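Written out below as structure tokens is the structure these notes cover.
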Amino acid sequence: MTVGIVGYGAYIPKYRLKTEEIARAWSQDYAKITASLAVHEKAVAGYDQDSVTLAVHAAEHALVRADISPEIVGALYVGSESHPYAVKPSATIIGTALGCSRDYLATDMAFACKGGTAALQAAYALVASDLVQYALAIGTDVAQAAPGDILEYTAAAGAAAFVVNSHTQEFLATIDATVSVSSDTPDFWRRSLQQYPEHVGRFTGEPSYFAHTCQAAEKIMAKTGSTPQDFDHVIFHQPNGKFPVQAGKKLGFSSKQLAYGLLSPDIGNSYSATILLGLTNVLDNAEPGQKILLISYGSGSGSDAFVMTTTDLLQERQKSAPTTGEYIHDKKYIEYLQYRQIYQVREGKKE
Amino acid sequence: MKIAVIGTASTAYGEWWDKSLRQLLAESQLTALTDAGLAPQEIQAIFVANMCAGQLSSQVNIGALATNILGLHIPGTRIEGACASGGLALRAGIAAIESGRADVVMVSGVEKMSDVSHAQGTQSLMSATCYETEGFVGATFPALFALVTRAYMHRFGITREHLAMVSVKNHKNGALNPRAHFRKEITIQDVLQSSYVADPLTLLDCSPMSDGAATVIISTPEFAKKIGKLNVSIIGSGQASDTLALSQRETFTEFKATQHAAQNAFMIAGVTHKDIDLVEVHDAFTMAEIIALEDLGFFEHGQAGHATVAGKTSLQSNLPVNASGGLKAKGHPVGATGIGQVVELTEQLHGRCGARQVHNARIGLAHSMGGLGSTVTVHILAQDV
Chain X
5 MTVGIVGYGA
15 YIPKYRLKTE
25 EIARAWSQDY
35 AKITASLAVH
45 EKAVAGYDQD
55 SVTLAVHAAE
65 HALVRADISP
75 EIVGALYVGS
85 ESHPYAVKPS
95 ATIIGTALGC
105 SRDYLATDMA
115 FACKGGTAAL
125 QAAYALVASD
135 LVQYALAIGT
145 DVAQAAPGDI
155 LEYTAAAGAA
165 AFVVNSHTQE
175 FLATIDATVS
185 VSSDTPDFWR
195 RSLQQYPEHV
205 GRFTGEPSYF
215 AHTCQAAEKI
225 MAKTGSTPQD
235 FDHVIFHQPN
245 GKFPVQAGKK
255 LGFSSKQLAY
265 GLLSPDIGNS
275 YSATILLGLT
285 NVLDNAEPGQ
295 KILLISYGSG
305 SGSDAFVMTT
315 TDLLQERQKS
325 APTTGEYIHD
335 KKYIEYLQYR
345 QIYQVREGKK
355 E
Chain E
4 MKIAVIGTAS
14 TAYGEWWDKS
24 LRQLLAESQL
34 TALTDAGLAP
44 QEIQAIFVAN
54 MCAGQLSSQV
64 NIGALATNIL
74 GLHIPGTRIE
84 GACASGGLAL
94 RAGIAAIESG
104 RADVVMVSGV
114 EKMSDVSHAQ
124 GTQSLMSATC
134 YETEGFVGAT
144 FPALFALVTR
154 AYMHRFGITR
164 EHLAMVSVKN
174 HKNGALNPRA
184 HFRKEITIQD
194 VLQSSYVADP
204 LTLLDCSPMS
214 DGAATVIIST
224 PEFAKKIGKL
234 NVSIIGSGQA
244 SDTLALSQRE
254 TFTEFKATQH
264 AAQNAFMIAG
274 VTHKDIDLVE
284 VHDAFTMAEI
294 IALEDLGFFE
304 HGQAGHATVA
314 GKTSLQSNLP
324 VNASGGLKAK
334 GHPVGATGIG
344 QVVELTEQLH
354 GRCGARQVHN
364 ARIGLAHSMG
374 GLGSTVTVHI
384 LAQDV
């Protein structure tokens, strides 16, 4: 049975914090930071937003593009590393806000930055096994970083959602294959009562991001009998603007293939949503019959890879809901102090 | 003095995410045994150089680790002298042979630095300073060498460009060394524009933290001759010490311990500076190479920077310095470094260095320095005729 994406949606909050502004606040060398991270601004959620509210926006757009009622959603998976509760599922809050019936399966997922693709894989599998008709997969995060940490330049907010089913005539893109690789590689972590995550310098590179990304890429290309030249679009996880470019070079992809899927220079790294926003932007701009390769990376570690093919129907639905590009360009700059105040208010630490 | 070097091995230096302290050590030990054509049972004592494993890998008692790896119960001893640990371990091995206590000795060096953050590595290296008076108040090694550099620049009028040339030269050599941590050539502009570590020293003025291990097997000449391996020998060795604290030195622009160690080594070897064909110096920082070359007696004080810019220490010159790429490009797995220098010299004297081979290499000198020249060894190796 073929499974495909029948609806998709993006949401990126409006506020932007510039790398230049963070560097100013910490008296750091802005030019050096930008050169090393290749991110010049990041998206920041407002104090009354969280990963659940962002998810609802993205999922609403996905349902509109799918042209279905929320009541027929049979499963809802949401991947995040900033679920509002340690115990109390985000999935049911989102499901109720969307207007789902009670007749659905709801599950929260987490795997650092690949919680969203984990959700997509689970949705794909549930539909492929014929357990449900329509499954909704969401990646969403309002990511945080310790003040003064290098991660502060990139930890951002965003959400992306996908409706998946097996009705060929509804497909906007088919999911042709998916594989995963996993290992116990502790490059980035946060204990449950710890306020901010920790990471270990250069260990997050070669043995972590690159090892898993490249292994998953090679595995899925072998499985599907593909070479880099077969793909019109390739999307990598993008913790900064450099790693995906390096991964592309290592694996033999051109910068043209990466172009639509590389957003973190403009919106930062929204963790579970990052790679899926790359996918929504590709879908917003793709032509029919184009092949997409997507390889996520989650710290701790693992990579999920997907091969997809767009359909003719996609072009009819691209403009049915706000596009990724519209959200990227709808922005309002804030200062560092406001950024920190927003965090305090959201966490209930200040009036 | 005539101590035969009958087997050598070195891992590549770099970030060995997949290899632990013991794996790196084992690799170099076993490869050295193969190089010497010896079974482990023929080794009679092992000396292992290491500085940071107690802090970074929670592992001391490394002498026993070294013998365990080979399945032996022979004497195993860990030797430490900060970054000169390798040179010191070699001296201990030489003493064991000269005293008649052993005929065949393995001397290894190993360091595993990539298991911790850069900050933790820096902290561990600070234990080579006078911690009570200098390290404790925040004097890291780059900071102390920055003070030395300022003093030297003030006294002798060299510029950051002179320093940068050391790094450029060593990177050029490192690009030819398959075992080097960094195999990319750089320019003077690259050095000048890299981030400051401790003004005036930038990132590219400073040697990296690396993982790696190196081993040499040394023996009496009689044993070497018996197994047909009398090709390269250690003919001179010197060691000296100085204050830990920079604030207690009479001068910031010379390291007396290097001068004394070199004098001893030359005296024992019975050769002069003119006889030396190549030098491996301890360029923990670009400034360190310049000062070392002067303290070793190859250049007048204040001149080595100019000599470097003039190409007098390049691979093509009469006195190639750090043909291996030095600490800067080859890498600096602390405990391994001093032994790695001897591996390099031995391979150069065997004519096995490919693109970075020094022509007519017959006599070489290795300079190993711990702290701010608080512990220094100098060794001289020669081809056997």
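Listed in order, the protein sequences are those of chains X and E.
FYI, the numbering for the first sequence is 5 to 355, going by our numbering.
FYI, the numbering for the second sequence is 4 to 388, going by our numbering.
Note that the Cβ used here is the ideal one computed from N, Cα and C, for glycine as well.
Predicted model, so just to flag it, every value in this text is computed and none were measured.
For G305 (chain E), the closest C-alpha among the options E:H157, E:I221, E:G241 is that of E:H157.
Interface residue (Cβ-Cβ distance to chain E less than 8 angstroms): F247 (chain X) is not classified as such. Taking a C-beta cut-off of 7 angstroms against chain X, the contacting residues of the segment 116-147 of chain E are S120, H121, listed in chain order. Taking 8 angstroms as the Cβ-Cβ cut-off, the segment 192-210 of chain X approaches chain E at V204, G205, R206, F207, E210, given in chain order.
Secondary structure remark: continuous beta strand (DSSP E) runs of at least 3 residues inside the segment 161-237 of chain E, in chain order: 199-201, 215-222. Here DSSP, grouped into helix, strand and coil, assigns G57 (chain E) to helix. Between H285 (chain E) and C55 (chain E), the C-beta spacing is not below 8 angstroms. In the three-state reduction of the DSSP assignment, S307 (chain X) falls in the strand class, which pools E and B.
In the three-state reduction of the DSSP assignment, N289 (chain X) falls in the helix class, which pools H, G and I.
Per DSSP, H87 (chain X) is not a residue of any beta strand (DSSP E), being assigned neither H nor E.
Residue pairing by DSSP puts H203 (chain X) in a beta bridge opposite X:F192.
Neighbours of S198 (chain E) across chain X, judged by C-beta separation under 9 angstroms: D33, K36. When Cβ-Cβ separations below 8 angstroms define contact, E18 (chain E) makes contact with chain X. The Cβ atoms of H335 (chain E) and A287 (chain E) lie closer than 8 angstroms to each other. Ranked by how close their Cα comes to the Cα of D188 (chain X), the residues X:E24, X:A62, X:D334, X:G304 have X:G304 in first place. The C-alpha of M4 (chain E) lies about 14 angstroms from the C-alpha of A95 (chain E).
Secondary structure of H362 (chain E) (DSSP, three-state): coil.
Along the segment 106-155 of chain E, the alpha helix (DSSP H) occurs as fully enclosed runs of 4 or more residues at 121-128, listed in sequence order. Around the beta carbon of H76 (chain E), fewer than 16 other beta carbons lie within 10 angstroms, which makes this residue exposed. Every beta strand (DSSP E) of 3 residues or more that sits fully in the segment 317-379 of chain E is shown, in chain order, as 366-373. DSSP places A221 (chain X) in the uninterrupted alpha helix (DSSP H) bounded by 215-228. A check of alpha carbon separations from F226 (chain E) across E:V108, E:Q62, E:T349, E:G357 identifies E:V108 as the nearest.
With a threshold of 16 other beta carbon atoms within 10 Å, V140 (chain E) falls short and is exposed. In this structure, the alpha-carbon of S55 (chain X) lies about 25 angstroms from that of F247 (chain X). Beta bridge pairing from DSSP links A116 (chain X) with no other residue. Across the structure, I65 (chain E) and A142 (chain E) are spaced so that their CA atoms are roughly 28 angstroms apart.
Residue pairing by DSSP puts N169 (chain X) in a beta bridge opposite X:G8.
Taking the Cα of G328 (chain E) as reference, the smallest distance to any Cα among E:A310, E:L299, E:G308, E:V361 is reached at E:V361.
DSSP places H157 (chain E) in the helix class (H, G or I) of the three-state scheme. In the three-state DSSP reduction, Q32 (chain X) falls in the coil class, being neither helix nor strand.
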